[in-house]
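Colleague: First, the structure itself, so that you have it in front of you.
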Amino acid sequence: MIPLQRQPLPPDLAHRLRLRGERLHRTDLSTAAVRREWSGARTVRQGLRRSLLRMTGESARCMYCCDSMGTDIDHFQPIALAPLRAFDWLNHFLACSYCNSNQKRELYPCDEVSGECLLIDPSRDDPADHLRLLFSSGLYRGRTPKGRQTIAVFGLNDRPELVRGRGDAYLLCRDTLAGAGRRTARGGGVGGADSAARAGRGDGPDQVELLLRALSRRPNGDVLHAMLAVRHLPDAPRMFGADAVLGLHRLAAVLAAPS
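This is the structure we're talking about:
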């Protein structure tokens, strides 16, 4: 998972959601009836999907596994447990059909004492506080009960294709970042005729920026985010190589700049 930022909804969509929610509160609807209300709200669902896609930063990936395409709108707190939140913007995430229908389903584990949900909400929690990615193996380790429950519910370590994909993504990210770091060290940000010559070789600042942006849109974006999160650590050069760390710093600057 990667941290996500919810943007304000378009006024028309926010109004439609509010009306739908008020209707649920006024009417004593069964869970089945609320599901029918949700299924029949095609225009609302289309608007929600567009807003959720904007949250992914062009990747359109599942907000839980970060691997498959986000095809479904998931209710973080399931309709069966919280029917009145069916049209609550804060309760919606973009998910792949496997995470939504095969893994999470109606699961919503909570702490027995505090009642706090034990799943990471990537729009409120920083996943790095709860999960540690082991780069060489592609496995996650839970740092907190919330992290461990999230790994279990979404099968983040039980699905071989996810583990293998994260391991492959790490190798690709490390080597691509190292190449970008070497180009940056050669003066990828300097203008003039020398910059134009580098552009002809694919070494110019524009080409490096395009490369790094392309890397950020690939599947398994959680791997790249995990690498960015530790780029300042003293042992980052030992983990990734000095060139890759330089590439990570360049990537951070690229992602912070307007696209």
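Numbering of the sequence shown is given in the numbering used here, commencing with residue 7 and proceeding in unit increments.
A virtual CB, placed ideally from N, CA and C, is assigned to each residue, including glycine.
It should be emphasised that the depicted structure is a prediction, and the values quoted were computed from it without experimental measurement.
On the three-pair Cβ rule with 8 angstroms, is the stretch 141–148 touching the stretch 97–117?
Modeller: Touching, no.
Colleague: According to DSSP, simplified to helix, strand and coil, what is Tyr146?
Modeller: strand
Colleague: Are Met233 and Pro133 close, meaning C-beta to C-beta below 8 angstroms?
Modeller: no
Colleague: Can you list the beta strand (DSSP E) stretches of 3 or more residues lying completely in the stretch 42–123, in chain order?
Modeller: 78–81, 98–101
Colleague: For Asp78, collect the residues of the same chain with a Cβ closer than 6 angstroms to its Cβ; drop the 5 residues on either side in sequence, then sort them by chain order.
Modeller: Ala101, Ser103, Asn106
Colleague: Look up Arg138 in the DSSP assignment and give the residues it is bridged to.
Modeller: For Arg138, which the question treats as bridged, DSSP gives the partners Arg147.
Colleague: With DSSP collapsed to three states, give me the class of Gly185.
Modeller: helix
Colleague: Do the CB positions of Leu125 and Gln155 come within less than 8 angstroms of each other?
Modeller: Taking C-beta atoms as the reference points, Leu125 and Gln155 count as a pair closer than 8 angstroms.
Colleague: Go through its chain and collect everything with a Cβ distance to Phe160's Cβ below 8 angstroms, but skip five positions before and after it.
Modeller: Tyr70, Cys71, Cys105, Gln109, Lys110
Colleague: Less than 8 angstroms between the C-beta atoms of Asp249 and Ala184, yes or no?
Modeller: Yes, these two residues count as a Cβ contact at 8 angstroms.
Colleague: Suppose contacts are defined by Cβ-Cβ distances below 8 angstroms. Is Thr190 in contact with Gly253 by that definition?
Modeller: yes
Colleague: Reducing DSSP to helix, strand and coil, say where Ile8 ends up.
Modeller: Ile8: coil per DSSP, three-state reduction.
Colleague: In angstroms, rounded to a whole number, what distance separates the CA positions of Glu64 and Pro16?
Modeller: Spanning the two alpha carbons is a distance of roughly 18 angstroms.
Colleague: Does the beta-carbon of Asp200 have 16 or more other beta-carbons within 10 angstroms, so that it is buried, or is it exposed?
Modeller: Low local confidence applies: a pLDDT of 43 at Asp200 is under 50, so the model's placement there is unreliable, with the coordinate-based value given in what follows. Exposed is the label assigned to Asp200, since fewer than 16 other Cβ atoms lie within 10 Å of its Cβ.
Colleague: By alpha-carbon positions, which one of Arg26, Trp95, Arg219 ends up nearest to Leu54?
Modeller: Trp95
Colleague: Looking at the structure shown, is Gln155 part of a helix, part of a strand, or coil, going by DSSP?
Modeller: helix
Colleague: In terms of residue numbering, what span does the alpha helix (DSSP H) encompassing Pro243 cover?
Modeller: 242–246
Colleague: How is His31 classed by DSSP in three states: helix, strand or coil?
Modeller: Correct three-state label for His31: helix.
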